[in-house]
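Undergrad: Reading the sequence shown from the start, the letters are residues -12 to 161 in my numbering.
All residues carry an ideal CB built from backbone N, CA and C; glycine is no exception.
Source: prediction; values computed, not measured.
A single structure is presented below for examination.
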Amino acid sequence: EEAANLGVPESDYQYYLIDDAANRLLNPPAGGVALALMNFEGDVWSDLVAGGYGSLALMTSVLVSPSGAEEFEAAHGTVTAHYRRHQRGEETSTNPVALIFAWSGALRRCGFKSDQSELEIFARDLEHATRSTIGAGTMTADLIKLSDHPEKRQVTTREFIAAVAARLEEIRSR
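Here you go:
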């Protein structure tokens, strides 16, 4: 019944014990894996998988209601330890990528729904600027640990956002 509600053909739906499901998420078969979970379970599993593949700060979430309303968010929630350091006036190297992509996703959707292609293009450009900033080696602390980029450079949150903004301006001026 759940599979039918999700539009998944009945023949593709299979029940797995939790240990097997965990293995399938971290070692996905060809074609990938989709899980039907309760919200809390999805929160736990998505954080586990994102952490296993790199950084929670790269993961966004889109919630879609049965009526079609959508909410775009950074799936990692708050980053309390970093915020406390910020409150003390200390610089942080908090990765804002998921927040940027949550905003770009919402902007793209608004552009689509209101037939404003310029908004969709801006969202695409913002994502491209973010990816290319990282691709050029400018990264926050969490990504530095994962990267073998020969010219990687760790920056603060503010420096990362400034680098994305500069790259976005460059892309948009072409």
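#1: State whether the region 67 to 78 contacts the region 36 to 55, with contact taken as three or more CB pairs (one from each stretch) at a distance under 8 Å.
#2: Go through its chain and collect everything with a Cβ distance to Ile131's Cβ below 7 Å, but skip five positions before and after it.
#3: Which of helix, strand or coil does DSSP assign to Glu60?
#4: Would you give the residue range spanned by the alpha helix (DSSP H) that Val142 belongs to?
#5: Whether or not the region 148 to 159 and the region 113 to 131 are in contact is what I'm after, with contact meaning three or more pairs of Cβ atoms, one per stretch, closer than 8 Å; do they touch?
#6: Considering only their Cβ atoms, is the gap separating Ser33 from Met46 smaller than 8 Å?
#7: Would you mind working out which of Ala8, Glu146 and Gly39 sits nearest Glu78, comparing C-alpha positions?
#8: Is Asn82 buried or exposed, if buried means 16 or more other CB atoms sit within 10 Å of its CB?
#9: Do the CB positions of Glu57 and Arg96 come within less than 8 Å of each other?
#10: Quick check: the Cα distance between Asn10 and Tyr2, rounded to an integer number of angstroms?
#11: Taking just the CA atoms, how far does Asp129 sit from Ile108?
#12: Taking Thr47 as part of the beta strand (DSSP E), name the residues at either end of that continuous run.
#13: Mind checking whether Thr125 and Ala150 have CB atoms under 8 Å apart?
#14: Does the separation of the CB atoms of Gly92 and Val49 fall below 8 Å?
#15: Can you give the beta carbon distance from Ala44 to His63, rounded, assuming they're within the 8 Å contact cut?
#16: Count the other CB atoms, across all protein chains shown, that sit within 10 Å of the CB of Ser101; report buried if there are 16 or more and exposed otherwise.
TA: Quick answer:
#1: At 8 Å Cβ cutoff, the stretches do not touch.
#2: By the criterion of a C-beta distance shorter than 7 Å, Ile131 is surrounded in its chain by Lys139 and Gln141, once the five residues flanking it on both sides are discounted.
#3: Three-state result, Glu60: strand.
#4: Judged by DSSP secondary structure, Val142 falls outside any alpha helix (DSSP H); it is assigned neither H nor E.
#5: Yes: the two stretches touch, three or more of their Cβ pairs being nearer than 8 Å.
#6: Ser33 is positioned such that its CB atom lies closer than 8 Å to that of Met46.
#7: For Glu78, the closest alpha carbon among the candidates Ala8, Glu146 and Gly39 is that of Glu146.
#8: Classification of Asn82: buried, given that the 10 Å Cβ count is 16 or more.
#9: In contact: Glu57 and Arg96 (Cβ atoms closer than 8 Å).
#10: Cα to Cα, the separation comes out at about 14 Å.
#11: Each residue's alpha carbon lies about 29 Å from the other.
#12: In the DSSP assignment, Thr47 falls within the beta strand (DSSP E) that extends over Thr47 to Val51.
#13: With a cutoff of 8 Å on beta-carbon distance, Thr125 and Ala150 are scored as near each other.
#14: Closer than 8 Å, so yes.
#15: With a Cβ gap of about 6 Å, Ala44 and His63 count as contacting.
#16: A residue is called buried when at least 16 other Cβ atoms come within 10 angstroms of its Cβ; Ser101 does not meet this threshold and is exposed.
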